[in-house]
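Under our numbering, read the sequence shown as residues 85 to 308, first letter to last. Have a look at the structure below before the remarks.
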Amino acid sequence: MKVNMRNFIIFLTILAVVFIGILFSGKINFGKTVYVVSPKDTINDEENIEKSINNEEEYIKNEKIEIDEDSKIVVYISGEINTCGVVNLNNGDRLIDAVEKLGGLTENADLNKVNLAIKLEDGCHYIIPKIGGDTQEERISSKDTSEKYNNYNANNNNNSSKININTASVNELNSLPGIGNVIAVRIIEYRKQNGTFHSISDIKNVSGIGNKKFEGIKDLIIVN
85 MKVNMRNFII FLTILAVVFI GILFSGKINF GKTVYVVSPK DTINDEENIE
135 KSINNEEEYI KNEKIEIDED SKIVVYISGE INTCGVVNLN NGDRLIDAVE
185 KLGGLTENAD LNKVNLAIKL EDGCHYIIPK IGGDTQEERI SSKDTSEKYN
235 NYNANNNNNS SKININTASV NELNSLPGIG NVIAVRIIEY RKQNGTFHSI
285 SDIKNVSGIG NKKFEGIKDL IIVN
């Protein structure tokens, strides 16, 4: 019995030594992490994916900006409207959309002679007519000042061809050198608020017309 016990202990000792030897030789692996892709490659792939996502988001953002810019228009509305001015709208909007943005029409607006359903065009000027006043809706495009001046001098050389600043329409005022769309509208608005001009020099009271601009038009205008 003692011999068997001793042999058993020897067997266990030999088994333990063999086990320890195998363990230190690296033949048995405990808790080792195995990478299908190396850690370095994994990090690079993650960075590449993140860059790809960022690039895509930047592209979408830029595309959105371009679409927004292309879909916007700017128009000028005056006449019988509560707030005259320039307004930004979406491409395809109608005159009614601009009117609503500027506070609506006045009670003197002639609804029978204005088409609120008209489709707006970028860079144009729309005038809301007054009841009993000018019945024509005007849309004004910018013109080259020097060309207007040359045409005026070639075709208008006598006093009868001078423009009466008390009765002239926007188009007539716009034919004067240096007087563009905006200033022409200001002249008409000044007449509505202050009455007629008593002398041609009174036109300098209109914002945007100084001494230099007046010198360029004084021989082309009259007040009666």
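Yeah, the Cβ is synthetic: ideal placement off N, Cα and C, and Gly gets one too. Here the structure is a predicted model, which is why all the values come from computation and not from measurement.
For residue i, the nearest candidate out of the options (CA to CA)
i      : options                           : result
Gly163 : Lys246, Lys197 and Asn174         : Lys197
Glu205 : Thr97, Lys214 and Asn174          : Asn174
Val307 : Ser245, Ile293, Thr280 and Leu200 : Thr280
Gly217 : Asp286, Ala201, Thr251 and Lys185 : Thr251
Asp194 : Ala100, Ile165, Gly262 and Ile284 : Ile165
Gly300 : His282, Asp286, Lys276 and Ile263 : Ile263
Val269 : Ile161, Phe92, Ile94 and Val101   : Ile161
Lys276 : Asp181, Ser253, Ile284 and Lys185 : Ser253
Nearest-angstrom Cα separation, counted from residue j out to residue i
i      : j      : result
Phe298 : Ile305 : 10 Å
Cys208 : Asn265 : 10 Å
Glu153 : Ile272 : Note that Glu153 scores a pLDDT of 48, beneath 50, so its modelled location is shaky; the value from the coordinates is reported in the next line. For Glu153 and Ile272, the distance between alpha carbons rounds to 33 Å.
Ser69  : Gly176 : Within the shown structure, residues of the chain are numbered from 85 to 308, placing residue 69 beyond reach of any answer.
Ile249 : Ile211 : 19 Å
Asn199 : Lys302 : 37 Å
Ile104 : Thr97  : 11 Å
Ser259 : Lys246 : 11 Å
Ile293 : Tyr274 : 12 Å
Ser290 : Lys214 : Looking at the sequence shown, residue 290 is not Ser but Val. So the alpha carbons of these two residues sit roughly 22 Å apart.
Gly115 : Val101 : Bear in mind that a pLDDT of 43 at Gly115, under 50, signals an unreliable position, so the model cannot answer this.
Met89  : Phe95  : 10 Å
Chain C contact for residue i (CB, 8 Å cutoff)
i      : result
Glu184 : Chain labels in this structure do not include chain C; a single protein chain is all it has.
Residue(s) in a DSSP beta bridge with residue i
i      : result
Ile309 : Since the first and last residues shown for the chain are 85 and 308, residue 309 lies out of range.
When the Cβ atoms of the stretch 167 to 174 are set against those of the stretch 189 to 196, are three or more pairs found closer than 8 Å? Fewer than three pairs of CB atoms, one per stretch, sit closer than 8 Å, so the stretch 167 to 174 makes no contact with the stretch 189 to 196.
What alpha helix (DSSP H) runs, 4 residues minimum, are completely inside the stretch 148 to 217? Counting whole runs of 4 or more residues, the stretch 148 to 217 contains the alpha helix (DSSP H) stretches 179 to 185.
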